[in-house]
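Before any comments, here is the structure.
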Ligand SMILES: Nc1nc2c(ncn2[C@@H]2O[C@H](COP(=O)(O)OP(=O)(O)OP(=O)(O)O)[C@@H](O)[C@H]2O)c(=O)[nH]1
Ligand SMILES: [Mg+2]
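Numbering (full-length UniProt numbering), first residue to last: 1 to 511.
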């Protein structure tokens, strides 16, 4: 050090070895210094690691849910919320009431539509869509059912539910309305969109959301705008009969239902409670549904069995009701949660829920870019059913095609894909009823028509598709699920969370 001698610097003097240090003392001193340095380095390293982990942790975990319409994507998302984001779950619970009411009213109105067409002697083909129900057709083969005043009276008492349905649909928006047929005739229209301009597409599509959040917002706004509940002009009396014109309330507006408040709609539904139960328990109606091969109890959003509990002014949804409620997803929905439970507590998650109809799939592609993992939902119970949006296409076949395209997608070649073979509960019920898989899936052959054999067979098929179509080898992660069962789904999600976390950290290491 220019201008300063060693013995002038107090620090240097303090740590300098004593002038008369023996070689043993020197060895001890140097060992102690080395140890001190090692401890200090270790602390530094630990701080660095913690900072790094903190940095990685800050990166949100991104999960995309894919699968055809009604495959259970939104139901899976709800399970994530119920298990890991309880605060948001509790806050939104009450808002599901309108959706569940709509589901119940729809169940009843569907039966009424069949009743009407049967009473008017309009023959019916089980392959028909809802819209075909009213169309005149060729004469029937079976003798007519013998309807009595009981069914006619039930029909009249339940007529107010038509307007209740319109009112709820009007308030909840497009997501509450069933999809119509589509002009898209491929399972994976996003393949054509694999262009370099996908950023622009993402910006365009990110706000096309119309799932439960926007439906609830709409509902809240509509409620605010409708003002107070007006007493004294209700259309129904105590036993639920109509005011003569089939409308739940008297109104001169173009859309009489548009002004009804949630409470008014609830009152109409509650006044129909006994009639709903009587309709569902009526033998002739039951016979009619069997003849028409209508199995409402397997359809999404079936709540008639719970009418006694639900059709009440003071009804509050349970967790299970919410998971089973059906509100379809339009466009792409982003849900952000800071998990308040689980291994990744405190971590931000971004869950992307997409509309699954063929017409909606074109918008998926931009979201393939930057996700940690994909959960692909393939319902395996509808092996003998057709897509709602294209009644020529078998639902299982559509899932196979879609799965193939997702596995083959180059952009996803390094993305973890977890397959949920879903609706195992409905598959089991179907097989127990004696429905034979080989009648719809000839390659199933003479295998045993039971759940373990069927799930093994479908699982093998999906695995083979993944193996043959993935650009590079990837592990095959699969779970057999019934995502309306919240308990078993929580266990599955625990394994999924762990696996996605591992992948997330691995990706962060590569960055
Ligand atoms: N029984 C049974 N019902 C299920 C299962 N998974 C989903 N559902 C029901 O099926 C219906 C459709 O499920 P969603 O989660 O809304 O389907 P989605 O894939 O989000 O459909 P889109 O939004 O149209 O793309 C809902 O009423 C669910 O409660 C299951 O494993 N078993
Ligand atoms: Mg959905």
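Note that the Cβ used here is the ideal one computed from N, Cα and C, for glycine as well.
For residue i, the nearest candidate out of the options (CA to CA)
i: residue 107; options: 300, 319 and 318; result: 300
i: residue 444; options: 432, 457, 218 and 451; result: 457
i: residue 325; options: 484, 184 and 349; result: 484
i: residue 30; options: 43, 15 and 42; result: 15
i: residue 145; options: 341, 367 and 286; result: 286
i: residue 437; options: 489, 400 and 382; result: 382
i: residue 385; options: 218, 502, 69 and 76; result: 69
i: residue 143; options: 21, 272, 291 and 215; result: 291
i: residue 391; options: 353, 358 and 455; result: 358
i: residue 273; options: 159, 37 and 343; result: 159
i: residue 425; options: 366, 380, 332 and 505; result: 380
i: residue 64; options: 447, 499, 333 and 407; result: 333
i: residue 347; options: 408, 171 and 62; result: 62
i: residue 513; options: 71, 267 and 283; result: Any answer about residue 513 is impossible in this case: the structure gives the chain only from 1 up to 511.
i: residue 261; options: 288, 52 and 218; result: 218
i: residue 352; options: 178, 308, 363 and 389; result: 363
i: residue 76; options: 509, 503 and 479; result: 479
i: residue 581; options: 446, 411 and 454; result: In the structure as shown, the chain starts at 1 and stops at 511, and residue 581 therefore has no counterpart that could be examined.
i: residue 110; options: 439, 327 and 280; result: 280
i: residue 493; options: 169, 275 and 84; result: 84
i: residue 98; options: 177, 427 and 169; result: 169
In DSSP terms, what residue i is bridged to
i: residue 35; result: DSSP output for residue 35 lists no bridge partner at all.
i: residue 354; result: 332
i: residue 479; result: 420
i: residue 337; result: 349
i: residue 67; result: 377
i: residue 394; result: 386
i: residue 61; result: 349
Alpha-carbon to alpha-carbon, residue j and residue i
i: residue 73; j: residue 314; result: 30 Å
i: residue 173; j: residue 95; result: 14 Å
i: residue 202; j: residue 191; result: Confidence is the limiting factor: at residue 202 the pLDDT is only 45, short of 50, which leaves the residue's position unreliable and the question unanswerable from this model.
i: residue 242; j: residue 296; result: Any reading at residue 242 must be qualified, since the residue scores a pLDDT of 30, below 50, and its modelled position is unreliable; no value is offered.
i: residue 89; j: residue 121; result: 47 Å
i: residue 35; j: residue 403; result: 58 Å
i: residue 12; j: residue 44; result: 24 Å
i: residue 102; j: residue 148; result: 28 Å
i: residue 270; j: residue 405; result: 47 Å
i: residue 323; j: residue 212; result: 12 Å
i: residue 470; j: residue 413; result: 7 Å
i: residue 305; j: residue 317; result: 15 Å
i: residue 188; j: residue 100; result: 31 Å
i: residue 368; j: residue 278; result: 49 Å
i: residue 371; j: residue 396; result: 26 Å
i: residue 516; j: residue 67; result: Outside the modelled stretch of the chain, which goes from 1 to 511, sits residue 516, for which no answer is possible.
i: residue 9; j: residue 19; result: 16 Å
i: residue 435; j: residue 482; result: 19 Å
i: residue 175; j: residue 496; result: 28 Å
i: residue 507; j: residue 415; result: 10 Å
i: residue 320; j: residue 486; result: 7 Å
i: residue 307; j: residue 330; result: 28 Å
i: residue 171; j: residue 215; result: 8 Å
i: residue 233; j: residue 264; result: Bear in mind that a pLDDT of 33 at residue 233, under 50, signals an unreliable position, so the model cannot answer this.
i: residue 360; j: residue 394; result: 18 Å
i: residue 354; j: residue 78; result: 13 Å
i: residue 37; j: residue 410; result: 49 Å
i: residue 289; j: residue 114; result: 8 Å
i: residue 449; j: residue 93; result: 40 Å
i: residue 468; j: residue 442; result: 21 Å
i: residue 400; j: residue 48; result: 47 Å
i: residue 33; j: residue 58; result: 37 Å
i: residue 491; j: residue 503; result: 19 Å
i: residue 460; j: residue 466; result: 10 Å
i: residue 229; j: residue 327; result: With a pLDDT of 36 at residue 229, under the threshold of 50, the predicted position of this residue should be treated as unreliable, though the coordinate-derived value follows. Cα to Cα, the separation comes out at about 26 Å.
Minimum Cβ-Cβ distance from residue i to chain D less than 8 Å
i: residue 395; result: Judged by its chain identifiers, the structure shown contains no chain D, having just a single protein chain.
Minimum length 3: unbroken beta strand (DSSP E) runs contained in the segment 257–291: Entirely contained in the segment 257–291, not one beta strand (DSSP E) run reaches 3 residues.
Within 8 Å, do at least three Cβ pairs link the segment 367–387 to the segment 419–426? Contact holds: three or more Cβ-Cβ distances are below 8 Å.
Validate contact between the segment 153–164 and the segment 322–340 using beta carbons, cut 8 Å, 3 pairs: In short, these stretches do not touch, since the Cβ pair count stays below three.
For the segment 420–449, list the alpha helix (DSSP H) runs that are entirely contained and at least 4 residues long, ordered along the chain. The segment 420–449 contains these whole alpha helix (DSSP H) runs: 424–432.
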